[in-house]
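Asks: Residue numbers (full-length UniProt numbering): 1 to 584. C-beta: ideal position from N, C-alpha, C; glycine also. Quick caveat, the model's predicted, so the values are computed rather than measured.
1. Check each candidate in 394, 244, 106 and 46 and name the one with the smallest Cα separation from residue 73.
2. State the CB to CB distance for the pair residue 38 and residue 83, rounded to an integer number of angstroms; the pair is presumed to be in contact (CB under 8 Å).
3. Once the 5 residues before and after residue 132 are set aside, which same chain residues still bring their CB inside 8 Å of it?
4. Assuming residue 12 and residue 116 are in contact, meaning their beta carbons sit under 8 Å apart, how far apart are those beta carbons, in whole angstroms?
5. Buried or exposed for residue 23, going by 16 or more other Cβ atoms inside 10 Å?
6. List in chain order: all unbroken beta strand (DSSP E) runs of 3+ residues lying wholly within the region 87-169.
7. Which full runs of the alpha helix (DSSP H) of 4+ residues lie inside the region 279-319, going along the chain?
8. Buried or exposed: which applies to residue 195, given that a residue is buried once 16 or more other Cβ atoms fall within 10 Å of its Cβ?
9. Is the CB-CB distance between residue 520 and residue 382 below 9 Å?
10. Would you check if the region 271-278 and the region 187-201 touch, i.e. whether three or more CB-CB distances between them fall below 8 Å?
11. Please state whether DSSP places residue 1 in a helix, a strand or coil.
12. List, from N- to C-terminal side, the alpha helix (DSSP H) runs of 4 residues or more that fit wholly inside the region 346-384.
13. I'd like the span of the alpha helix (DSSP H) that includes residue 34, first residue to last.
14. Can you find the residues in the same chain that come closer than 8 Å, C-beta to C-beta, to residue 32, ignoring five residues on each side of it along the sequence?
15. Would you mind sorting residue 218 into buried or exposed? The rule is 16 or more other CB atoms within 10 Å of its CB.
16. Looking only at C-alpha atoms, which of 358, 361 and 77 sits nearest to residue 60?
17. Of the residues 158, 202, 15 and 256, which one's Cα is nearest the Cα of residue 139?
18. Name the residue from 75, 247 and 184 whose alpha carbon lies nearest to the alpha carbon of residue 214.
19. Can you check the region 386-440 for any beta strand (DSSP E) of at least 3 residues that lies completely inside it and give the ranges in chain order?
20. Could you round the C-beta distance between residue 47 and residue 95 to whole angstroms and report it? I think they count as a contact, below 8 Å.
21. How about residue 586 and residue 565: are their beta carbons less than 9 Å apart?
22. Measure the C-alpha to C-alpha separation of residue 296 and residue 136 and round it to an integer number of angstroms.
23. For residue 18, which of helix, strand or coil comes out of DSSP?
24. At least one CB of chain E closer than 9 Å to the CB of residue 109: is that the case?
25. Span of the alpha helix (DSSP H) holding residue 39?
26. Just to confirm before moving on: does the CB-CB distance between residue 392 and residue 511 stay below 9 Å?
27. Is the beta carbon of residue 121 closer than 9 Å to that of residue 157?
28. What span of residues does the alpha helix (DSSP H) with residue 55 cover, start to end?
29. Find out if the Cβ-Cβ distance for the pair residue 20, residue 100 is shorter than 9 Å.
30. Would you tell me roughly how many angstroms separate the C-alpha atoms of residue 185 and residue 281, rounded to the nearest one?
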């Protein structure tokens, strides 16, 4: 789309100056200087909307300003403010991102660019007012160049306008559709201008071709006359014949080009007629959309009034609801005040009685603190004894594993001992058999050397070697068994003595703890009786009772734990005694 920013502001001012002359105002409006006092623009605004720009507003514009640029600036400021208020209040639009004209430059220096901006704002009021169709029709009747510049200015201004509030979606849609229609109208006008330009070019080409045709015909006539005078043109070999053929060929080509251009001209004329029809249809649509926009504006005003009334109603309803809630809260507060007064009286009585009981309970609190410290000390001692008992339990398990390994070693030695006994018995039987043979006379009794040789003959070398090895092993096992048994017995005896000593210490501590526990229990019972006699109901006394009960439970648990440790110590001592006294 063609953008107005690419136009010179001076050209825009000249085109809008031509447009402002269509209002036929009383004041002169032929040059830029005629418009700098603002009188022409004020009269044009009154014709655009006489109801808003009435006589009172027009009388505020001073007509006799002469060369006083301060009065000119004052008039221009009033006109600019009136245009902006008209857009906001009547048209419901707000101009955004549009550079407002500098009235100081217009009034003091007759700046054409700033005057063009002011006339562009007046143009926006004209094409958006109720009689906009009349002004749009007047624009369409202007010259093509002026019409193009004016439409571009309208398009730029419409792109900068936005509704004041988006209260009605239908109004926004109509405004968007109106802008779209304006864009299509501008495109159609541009296409129309291009087609008209193309038709003009084709007309020029046709005229040129016709002139060329006439000149060629004249030249042909001259050549024909020359040909008649000289050679015959029917002879193609003669120069005149060849020239004649060339001219005929060129004439045919020019005729074909002429026919083609005329056909294109007819096509463009048809296209131009179609575009004119589309333009007329778009104008009708524009009128319809303008009517719908006016209806939407009136509906939007009604909606604004209804919305304002609805807001007031909702506010009043909210106030009524808040007053109802306040009344309900007031009744609840009154009932709560009565209940609080009754509770306050009861609390005062309870406070007096509790203060009396508190004085009685403070006397017992110091004694309870002493008991509490004693309980903490007993708990610390109990934890230490528990750690010691766990350590003894671990040592007991380790010693038990050693005893089990010794028991296995003992069983193995017993098995070897039994096998050695059997071997010895066999050897004894062999020796007995040798003795029987000696007594029965099976062997001569001459000398000791013969008996030894006979025994050597009966016992083979393998049996003798095995016998010697078994005797040696039996001797070594007896020595090792006696040494290891003595060492193990001494070790187990020392462990047993340590365990017995630790057992005696634990029993002594257990008796002391039991005695202390009995003393604490008796003191607690006396304290409970004293508290029951006093009839204490204070909260501190209840808490102290709970704490005492918890401490008593902990003491009972500690006592049970000591009993368990003592039982486990007895069992470990019995196991150690059994391990020491196992048979060899």
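Replies: Reading off the structure:
1. The candidate whose alpha carbon is nearest that of residue 73 is 106.
2. The C-beta separation of residue 38 from residue 83 comes to about 11 Å, leaving the pair out of contact by the 8 Å criterion.
3. So the qualifying residues of the chain are 126 and 290.
4. Sure, about 4 Å apart at Cβ, within 8 Å.
5. It is buried - the Cβ of residue 23 has at least 16 other Cβ atoms within 10 Å.
6. Here the runs fully enclosed are 93-95 and 161-163.
7. Counting only runs of 4 or more, we get nothing.
8. That one is buried.
9. No.
10. In short, these stretches touch, since the Cβ pair count reaches three.
11. Here residue 1 scores only 38 on pLDDT, less than 50, and its place in the model should not be relied on; the value that follows carries that caveat. Residue state for residue 1 is assigned as coil, using DSSP reduced to three classes.
12. Counting only runs of 4 or more, we get nothing.
13. Start and end: 32-35.
14. Once the five neighbours on either side are set aside, the close Cβ partners of residue 32 are 13, 17, 110, 112 and 115.
15. Exposed, because fewer than 16 other Cβ atoms sit within 10 Å of the Cβ of residue 218.
16. Closest by C-alpha distance to residue 60, out of 358, 361 and 77, is 77.
17. When each option's Cα is compared against that of residue 139, the closest is 15.
18. It is 247 whose Cα lies nearest to the Cα of residue 214.
19. Within the region 386-440, there are no complete beta strand (DSSP E) runs of at least 3 residues.
20. For a cut-off of 8 Å, the C-beta gap from residue 47 to residue 95 is around 21 Å, too long to register as a contact.
21. Nothing can be reported for residue 586: it is not among the residues displayed for the chain, which extend from 1 to 584.
22. Each residue's Cα considered, the two are about 21 Å apart.
23. It is helical.
24. The structure shown has no chain E; it contains just one protein chain.
25. Here the alpha helix (DSSP H) through residue 39 covers 39-48.
26. Result no, Cβ atoms of residue 392 and residue 511 do not sit closer than 9 Å.
27. Yes, Cβ-Cβ distance for residue 157 and residue 121 is below 9 Å.
28. Element bounds for residue 55: 55-59.
29. Taking the C-beta atoms as reference points, residue 100 is found no nearer than 9 Å to residue 20.
30. Between residue 185 and residue 281, the C-alpha separation is close to 10 Å.
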